[in-house]
Every structure is written in C-alpha cells, then in structure tokens.
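Residue numbers (full-length UniProt numbering): 1 to 39.
No residue lacks a Cβ here, since even glycine has one placed at the ideal position from N, Cα and C.
First up is the structure itself, then whatever we jot down about it.
Below is the structure:
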C-alpha cells in the first residue's frame with residue numbers, strides 16, 4: 001500500500017472542511033469496496 005498526501009488550501013470560509021469531509025467519505029467508501037455516492 002502506498003501512501004498519498006492531499007493538501008487542501010484556500011481562504012477562510014471557502015469550504016475546506018466540507019471538501020475534506022467529502023474526500024474522506026469517498027475514499028473510505030472506495031477502500032471498503034462500495035460504490036461512492038454521487039455528489
């Protein structure tokens with residue numbers, strides 16, 4: 001397993017936390033073998 005690093009940078013209040021949560025959810029679902037939900 002190789003590790004990857006994704007950085008999310010932007011101005012305050014631009015949605016970094018929301019984006020990071022969605023990316024985490026999608027990657028977790030992909031890792032478990034489930035189909036990611038459509039956004």
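Under 8 Å between C-beta atoms of residue i and residue j
| i | j | result |
| --- | --- | --- |
| residue 8 | residue 19 | yes |
| residue 25 | residue 16 | no |
Own chain, CB closer than 6 Å to residue i, minus 5 neighbours either side, in chain order
| i | result |
| --- | --- |
| residue 33 | none |
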